[in-house]
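Engineer: Have a look at the structure that comes next, please.
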Amino acid sequence: MTTLAGRPNTALLVIDLQNAVVANAYRRNEVLETVNVLIERARTARVPVVWIQHTDDDLTEGSEAWQLVAELVPAPGEAIVEKSYRDAFEDTDLEQVLSRLGVGQLIVTGAQTDMCVRSTLHGALARGYDATLVGDAHTTEDMTQRGAPSPDAVISHTNMYWSNQRAPGRLGGVIESKEVDFARSDLRADS
47 MTTLAGRPNT
57 ALLVIDLQNA
67 VVANAYRRNE
77 VLETVNVLIE
87 RARTARVPVV
97 WIQHTDDDLT
107 EGSEAWQLVA
117 ELVPAPGEAI
127 VEKSYRDAFE
137 DTDLEQVLSR
147 LGVGQLIVTG
157 AQTDMCVRST
167 LHGALARGYD
177 ATLVGDAHTT
187 EDMTQRGAPS
197 PDAVISHTNM
207 YWSNQRAPGR
217 LGGVIESKEV
227 DFARSDLRAD
237 S
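Right, here's the structure in full:
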């Protein structure tokens, strides 16, 4: 139901699954395997996979920490959008990439749940996209020492509040990976 005219397509967004970002992530291996399965299903259905890669002082471009994890490999021709803010739309070419692909609906996976995933979800909804979070395909690290809730609580809370996100003409939602059917034109969990 996106408010973006002429943008009927869906894309799978893979956010910041980079070595340093997920080195200590909660359920790292399970999440990477789930994302890998979604990537293969998207490719089979000819749904674009768009990779997001963060750069900052701790993730220097070209460094081992900055590299995408070895378990996930972009296919030739898949877009890789480099960013330096939490919202993947901010000061990047993500909007142009999605426009060129006719995408108005995003299926979102990645890390960190409480930073770049949340920021990108909100950024997408604010810009006219429908944005569905895959509830078992995002993760974060344990930041309880800094006052944050436990990683499982962060993930659970994010899934709970994103399942009810709405804006005029746009919907958020949460879906489990086993329910994602890229052959459907509408992948929202509430459809």
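All residue numbers for the sequence shown refer to the numbering used here, where the first residue is 47 and numbers rise by one. The beta carbon of each residue, even a glycine, is placed where N, CA and C say it ideally should be.
1) Inspect the CB distances between the region 175-184 and the region 218-229 and report whether three or more fall short of 8 Å.
2) Quick check on the DSSP output: the alpha helix (DSSP H) that includes Q142 runs from which residue to which?
3) Would you tell me roughly how many angstroms separate the C-alpha atoms of L217 and Y175, rounded to the nearest one?
4) Can you list, in chain order, the residues of its chain whose CB lies under 8 Å from that of D137, leaving out five sequence neighbours each side?
5) Since V93 contacts L58 with CB under 8 Å, what's their CB separation in whole angstroms?
6) Per DSSP, Q151 forms a beta bridge with which residues?
7) Could you have a look at A66 and say whether DSSP puts it in helix, strand or coil?
8) Measure from the C-beta of T155 to each C-beta in chain C and report whether the shortest distance is under 8 Å.
9) Alpha carbon to alpha carbon, how far is T204 from A69? Give it in angstroms, no decimals.
10) What's the call for D104, buried or exposed, on a 16-neighbour Cβ count within 10 Å?
11) On the criterion of 16 or more Cβ atoms from any shown chain inside 10 Å, does S237 qualify as buried, or is it exposed?
12) How many angstroms separate the CA atom of C162 from the CA atom of A229?
13) Just checking, does the region 147-160 make contact with the region 199-214 on the three C-beta pairs under 8 Å criterion?
14) If you compare alpha carbons, which of Q211, I153, A66 and I61 is closest to D227?
15) In the DSSP assignment, find the beta strand (DSSP E) that holds V77 and state where it starts and stops.
16) Please report the distance separating the alpha-carbon of V96 from that of V127.
17) Where does A229 fall in DSSP's three states?
18) Can you tell me the Cα-Cα spacing of L63 and L147, whole angstroms?
Structural biologist: Checking against the coordinates, here is how it stands:
1) Segments in contact, yes.
2) Residue range L140 to R146 is occupied by the alpha helix (DSSP H) that includes Q142.
3) Roughly 8 Å between the two C-alpha positions.
4) Around D137: K129, S130 and Y131.
5) Taking C-beta atoms under 8 Å as the contact rule, V93 and L58 qualify, at a distance of about 6 Å.
6) Note: Q151 sits in a beta bridge opposite T56 and D176.
7) In the three-state DSSP reduction, A66 falls in the helix class (H, G or I).
8) This model lacks chain C altogether; it includes just one protein chain.
9) C-alpha separation (whole angstroms): 21 Å.
10) Exposed, because fewer than 16 other Cβ atoms sit within 10 Å of the Cβ of D104.
11) Confidence is the limiting factor: at S237 the pLDDT is only 41, short of 50, which leaves the residue's position unreliable, though a coordinate-based value still follows. Exposed, by the Cβ-count rule.
12) C162 and A229: Cα-Cα distance of roughly 27 Å.
13) Under the three-pair Cβ rule at 8 Å, the region 147-160 counts as touching the region 199-214.
14) A check of alpha carbon separations from D227 across Q211, I153, A66 and I61 identifies I153 as the nearest.
15) Not the beta strand (DSSP E): V77 falls in the alpha helix (DSSP H), residues R74 to T90.
16) Taking the Cα positions, V96 is about 7 Å away from V127.
17) It is coil, neither helix nor strand.
18) Whole-angstrom Cα-Cα distance: 22 Å.
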